[in-house]
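Here's the structure, in structure tokens; my notes come after.
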Amino acid sequence: MIKLIKSTFYRERETKDKLTNFIGRTSQLSFGPECEKFEKNFAEYQGRKYCIFFNSGSSANLALIQALLNSGQLKPGNEVGFSALTWATNVMPLIQLGLRPVPIDIELDTLNISSKKVTESLKNKGLKALFITNLLGFCHDIDQIKKICQDQNMILIEDNCEALGTVYKGKKLGNFGLASTFSFFVGHHMSTIEGGAVCTDDKDLAKMLRIVRAHGWDRHLEEEEKEELRAKHRVKQFHAQYTFYDLGYNLRPTEINGFLGNEQLRHIDKIIQKRNQNFTQLAKTIYANRAFIPLRHSHIDMVSNFAFPVLCRSQGDHDRLVKKLKNKLEIRPIVGGSMILQPFFKKHNRDQTETSSCPNAEFAHRNGFYFGNNPELTNSDLKIITALVR
Ligand SMILES: Cc1ncc(COP(=O)(O)O)c(C=O)c1O
Numbered sequence: 007m008i009k010l011i012k013s014t015f016y017r018e019r020e021t022k023d024k025l026t027n028f029i030g031r032t033s034q035l036s037f038g039p040e041c042e043k044f045e046k047n048f049a050e051y052q053g054r055k056y057c058i059f060f061n062s063g064s065s066a067n068l069a070l071i072q073a074l075l076n077s078g079q080l081k082p083g084n085e086v087g088f089s090a091l092t093w094a095t096n097v098m099p100l101i102q103l104g105l106r107p108v109p110i111d112i113e114l115d116t117l118n119i120s121s122k123k124v125t126e127s128l129k130n131k132g133l134k135a136l137f138i139t140n141l142l143g144f145c146h147d148i149d150q151i152k153k154i155c156q157d158q159n160m161i162l163i164e165d166n167c168e169a170l171g172t173v174y175k176g177k178k179l180g181n182f183g184l185a186s187t188f189s190f191f192v193g194h195h196m197s198t199i200e201g202g203a204v205c206t207d208d209k210d211l212a213k214m215l216r217i218v219r220a221h222g223w224d225r226h227l228e229e230e231e232k233e234e235l236r237a238k239h240r241v242k243q244f245h246a247q248y249t250f251y252d253l254g255y256n257l258r259p260t261e262i263n264g265f266l267g268n269e270q271l272r273h274i275d276k277i278i279q280k281r282n283q284n285f286t287q288l289a290k291t292i293y294a295n296r297a298f299i300p301l302r303h304s305h306i307d308m309v310s311n312f313a314f315p316v317l318c319r320s321q322g323d324h325d326r327l328v329k330k331l332k333n334k335l336e337i338r339p340i341v342g343g344s345m346i347l348q349p350f351f352k353k354h355n356r357d358q359t360e361t362s363s364c365p366n367a368e369f370a371h372r373n374g375f376y377f378g379n380n381p382e383l384t385n386s387d388l389k390i391i392t393a394l395v396r
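Below is the structure:
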């Protein structure tokens, strides 16, 4: 059986040994210097000014929406577009924080939303922001989506939890909007066991994200930012550490996550390169099969994904493959499927009657599956997969 995920870390044994050693010698395991070092390193890797490290990608999504509300850039009741084919905790924060989620259908040839679909959605909705997902390392025409957002004065934010390292038109995904989120959960491009991040170039947003991450207080702000806040609110020294400036949570990662992030980041280029080679090799044969809808990727400079999606043209082929692959190749639905079909969305979406259908996302929900694409796949695994998925 070829499993979805083969290991917790790249270079598993070496990483575990280093982690054991780190735990033995460090005096601090709660948020500290390793986390801060990782923030610096990851921001540099991504090519963004700021990285705010969280305890998961879901936390990063929640914090980003809360930060935009705290700063007044979003207001309760605003309509926010999102990719109908995504992960639940991309859309849940919108509902939890009083926004109105508007699903936007995907294109079947990339599994991602396009400028065309956004334009169609804008005919019926006055979107204030787009929180798009760069699904499974793909994108459609995100540069054009960005242009629409600029023209319409809409905030663009990217859930990049599945596309770390993808390069489109010379630019990394995650660098097209105001901010982007990342996940470092096991099985994603790089693992800190649990972990996530928001990257942005916006200093004020970065400050608010740090406030949101830890209780609404100012402890992880720069000295001058603290002084400014304390002066503005006339906070006495005695209360300074225990003054809560805005709505927040406790979404902090630990030094264990920080240490792992710094270790794994040293290998990120190799990890992405290996996954990209696997993807390219598998795509050549699998997407040539007429039973499947080929996923277009020639417009992307570098596809970086951790799973290989397959869309069957017929439900019959889908069901046949689900049976055939059992106990041989571990597969699962494409990400979280169509959000419109999920019970939580049916229950909590206030605009249910108004929600337009998203037939392509529904098609991918019913006719799609994915298997893992990880750096540990051997040549023999790749041969087995190619022979099985047909
Ligand atoms: C698109 C997307 N967003 C958010 C998340 C949540 O990340 P995490 O599992 O780190 O909370 C995932 C998780 O797989 C995801 O695929």
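If you count the sequence shown from 1, you need to add 6 to reach the working numbering.
The beta-carbon is built from N, C-alpha and C at its ideal position, and this holds for glycine as well.
All values reported here derive from a predicted model rather than from experimental measurement.
| Member of A393, D275, I110, I337 whose CA lies at the smallest distance from the CA of F375 | I337
| message | Tell me whether the region 320–332 and the region 113–132 touch, counting them as touching only if at least three CB pairs, one residue from each stretch, are closer than 8 Å. | response | no
| task | Run the CB neighbour count on N256, radius 10 Å, all protein chains shown included, and call it buried at 16 or more, exposed below. | result | exposed
| field | For T125, the first and last residue of its enclosing alpha helix (DSSP H) | value | 121–130
| task | Could you have a look at I29 and say whether DSSP puts it in helix, strand or coil? | result | helix
| Would a C-beta distance cut-off of 8 Å place A313 and I112 closer than the cut-off? | no
| said: Measuring only from the beta carbon, is D111 closer than 7 Å to any heavy atom that is part of ligand 1? | reply: no
| query | Within 7 Å: the Cβ of E231 and any heavy atom of ligand 1? | reply | no
| query | In its own chain, which residues sit with a C-beta less than 8 Å from the C-beta of Q247, not counting the 5 before and 5 after it? | reply | W223, R225
| task | Give a yes or no on whether the C-beta atoms belonging to N181 and F285 are separated by under 8 Å. | result | no
| task | State the Cα-Cα distance for the pair L211 and Y293, rounded to the nearest angstrom. | result | 41 Å
| query | Any heavy atom of ligand 1 closer than 7 Å to the CB of G343? | reply | no
| field | alpha helix (DSSP H) segment containing C155, residue limits | value | 148–158
| query | Thinking C-beta only, is N166 closer than 8 Å to H146? | reply | no
| said: With DSSP as the reference, identify every bridge partner of S36, one or two as the case may be. | reply: In DSSP, S36 forms no bridge with anything.
| message | Just to confirm, is the Cβ distance from F298 to L335 under 8 Å? | response | no
| query | Which value, in whole angstroms, describes the spacing of the CA atoms of C318 and T92? | reply | 19 Å
| query | Between which two residues does the beta strand (DSSP E) carrying G53 extend? | reply | Counting along the chain, G53 falls outside any beta strand (DSSP E), and DSSP gives it neither H nor E.
| Rounded C-alpha distance that separates S89 from P109 | 6 Å
| query | Mind checking whether the beta-carbon of S64 lies closer than 7 Å to any heavy atom of ligand 1? | reply | yes
| query | When every heavy atom of ligand 1 is checked, does at least one fall within less than 7 Å of the C-beta of T116? | reply | no
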